[in-house]
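Number of protein chains: 2
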Amino acid sequence: MGLMGGSLARALRQAYPRMTIYGLDRNRETVRQAARAGVINAGSTTWDSFPGADFLILALPVRAIMCFLQEIGPTLAPGTLVMDLGSTKRDICRALRTLPAGVEAMGGHPMCGKEQAGWEASEETLFHHTTFVLCPLERTTPWALSVARELITTVGARPLRLTAARHDRLVATISHLPYLAASALLATADKVGREDPLLWEVAANGFRDTSRLASSNVTMSIDILLTNIEPVLALLEQYEDALEQLKSALQSGNEEALRSLLNAIRLRRNWYVERQQFMRGLEDWQDSSEERS
Amino acid sequence: MGLMGGSLARALRQAYPRMTIYGLDRNRETVRQAARAGVINAGSTTWDSFPGADFLILALPVRAIMCFLQEIGPTLAPGTLVMDLGSTKRDICRALRTLPAGVEAMGGHPMCGKEQAGWEASEETLFHHTTFVLCPLERTTPWALSVARELITTVGARPLRLTAARHDRLVATISHLPYLAASALLATADKVGREDPLLWEVAANGFRDTSRLASSNVTMSIDILLTNIEPVLALLEQYEDALEQLKSALQSGNEEALRSLLNAIRLRRNWYVERQQFMRGLEDWQDSSEERS
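Chains as they are written, first to last, in the numbering used here: chain R, 1 to 293; chain W, 1001 to 1293.
Here you go:
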């Protein structure tokens, strides 16, 4: 019942007022608050009192999901549909394959988030207009896939089907590498700042924005990095190559080489931002068409 | 009369309603607009009609300032105080030293900005609560220094005196390196995206923020990089070292090493952000005290 689980419960409650939702959280106060808000019908802080469910959503860190699947997985009743929201998918999908026969399984990862964490930060609109990756297994039935798709569409997201390996490489590119890049920037600035503390007087708002990811939760980040080592290392190599290319153009003072590299990069980023805005506009238009009809 | 020159003219007009301000801009329409807004008393698109001034502010790209100093510098009248707002300071301060005897000279760099450029983007509060670096030369008189300090305080900024070399190293750390790091991130994503276009479906808002600097104006960025090659190359080396350190902790799967590195980085960034917020709060309090008194 943290940011992800709490937001999903809120969105489901909004869409299905009469659905029975059971919430699990380590924190008793969170369970109480969620029940008082009418988001869950009941809940508990331990698995022992879990009454079973048709649809079980694991909104936990990757390695906690792995532990859960190892310990509780074998006891799950056939017919239960298990979906996780873990940030990396290879290890989890491998573990989902070992669930008892008859248990339905699906890997999932909503591509959204915010800086704050926990139930307090959860909101029913968190998934609106975001991509929600689905990693079905070979054993996943068409029924399970269609249930998962409906859930995702219901909470306002776009389902995107990917293999676990493909997902992990893409998120390494757009999320895990940027986190390490921002952290290395901060480490570099810290080193300079120890020699010359006026650095921090000169650091304007631009640097605050650039280094924002370096303030991410370390425990969650390590959980992600350590379950995605190979793709992240491969991306780090590609990143170092890209840095080298810029460096050698600069080193040689080759203005035209530098200009052509940086122009191509700038055009690509602007293309991506405009594409994102266009998609967003399209979805807003579809939303308003649906409201009108 | 672009973002910097225009904002400075607006702030000066606000502080000194009867000061005579003469504006120079390549674009005739900008000069007209600034005059119509009452920000400048008069202006022109060429230097030929410039009537001379007590205080001459060069708000141009670094290499344009160098050209100006080379071509027009020798013709400046003794007693004129010349200050530039260029983004790198070593080359400019070297050129300022060659001005005719009796011309007062000062290097300057306001640590602020925004994504938009040009007169349209200029605003009178741009310098509020920002650091404004001053690089006096050996020839700079105490009078010139005090005039420059007053100007900076008047527009709401904090003067910070640095040598040109020190300035250039600090801005390489907090501005030029982050630009190259963001550009290399985008180049890496572009490469992955060419092999797997679904990358752009997965890239959420987080990636947009992280890569923002890669959309900076390329001509201005190249002007800055090419006049700050050695400090930027040195910082790139330090950055690559920091990346290597994170990479080897990840490669070895050493959770404790990774945690201690990333925790130290996170704490340093949070310290810097809190320090910035505290300073900002202090200044707001000082502002309101001044208003009360």
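Heads up, the beta-carbon is just placed ideally off N, CA and C, and yes, glycines get one too. Everything numeric in this text was worked out from a predicted model, so none of it was measured.
Residues of the same chain with a CB within less than 7 Å of the CB of R169(R), apart from the 5 flanking positions on each side, are P231 in chain order. Neighbours of M111(R) in chain W, taken as residues whose beta carbon is under 7 Å from its own, are V1202 and A1204 in chain order. Inclusion of S1007(W) and E1104(W) in the CB contact set at 8 Å is not warranted, their separation being larger than that value.
Inside the stretch 1108-1190 of chain W, DSSP marks whole beta strand (DSSP E) runs of 3 or more residues at positions 1131-1136 and 1158-1161, from first to last along the chain. Ranked by Cα distance from C135(R), the options Q116(R), A164(R) and C112(R) are led by A164(R). The Cβ atoms of L126(R) and P100(R) lie no closer than 8 Å to each other.
Within the same chain, and ignoring the five residues on either side of M1004(W) in sequence, the residues whose Cβ sits closer than 6 Å to its Cβ are A1059 and L1085. Take the alpha-carbon of R259(R) and the one of L1262(W): they are about 34 Å apart.
Restricting attention to T173(R), Y179(R), V202(R) and N228(R), the CA atom closest to the CA of Q238(R) is found in T173(R).
Counting every other CB atom within 10 Å of its CB across the protein chains shown gives S1289(W) a total below 16, marking it as exposed.
Nearest Cα to H1167(W) within the set M1019(W), Y1016(W) and R1090(W): R1090(W). In terms of CA proximity to L180(R), L236(R) leads the group W200(R), A95(R), L236(R) and E283(R). Bridge pairing for A1037(W): absent [DSSP]. Nearest CB-CB separation between P1178(W) and chain R: below the 8 Å threshold. Taken in chain order, the unbroken stretches of alpha helix (DSSP H) that lie wholly in the stretch 1187-1216 of chain W and span 4 residues or more are 1199-1202 and 1205-1210. Collapsing the DSSP output to three states places Y1016(W) in coil. Around the beta carbon of D1287(W), a 10 Å sphere encloses fewer than 16 other beta carbons of the protein chains shown; the residue is thus reported as exposed. Flagged as an interface residue toward chain W: G253(R), by a C-beta distance shorter than 8 Å. Interface annotation for the stretch 244-268 of chain R against chain W: L246, K247, L250, Q251, G253, E255, L258, R259, L262, N263, I265, R266 and R268, criterion Cβ-Cβ distance under 7 Å.
With a beta-carbon spacing of about 12 Å, V1039(W) and A1015(W) fall beyond the 8 Å limit used to define contacts. The C-beta distance from V133(R) to L160(R) rounds to 5 Å, short enough to meet the 8 Å contact threshold. Against chain W, the beta carbon of I229(R) has neighbours under 8 Å at L1250, Q1251 and G1253, listed in chain order. For the stretch 178-195 of chain R, the set of positions with a beta-carbon nearer than 9 Å to some beta-carbon of chain W reads P178, Y179, L180, A181, A182, S183, A184, L185, L186, A187, T188, A189, D190, K191, V192 and G193 in chain order. In this structure, L267(R) sits away from V155(R), with a CB-CB distance that is not shorter than 8 Å. Bounds of the alpha helix (DSSP H) holding I265(R) are E255 to R292. Interface flag for L76(R) against chain W is unset, since no Cβ pair is found closer than 8 Å. For M1(R), there is no enclosing alpha helix (DSSP H), since its DSSP letter is neither H nor E. For I72(R), the secondary structure class from DSSP, reduced to helix, strand or coil, is coil. Within the same chain, A1214 come within 7 Å of S1183(W) by CB-CB distance, once the 5 residues on both sides are set aside.
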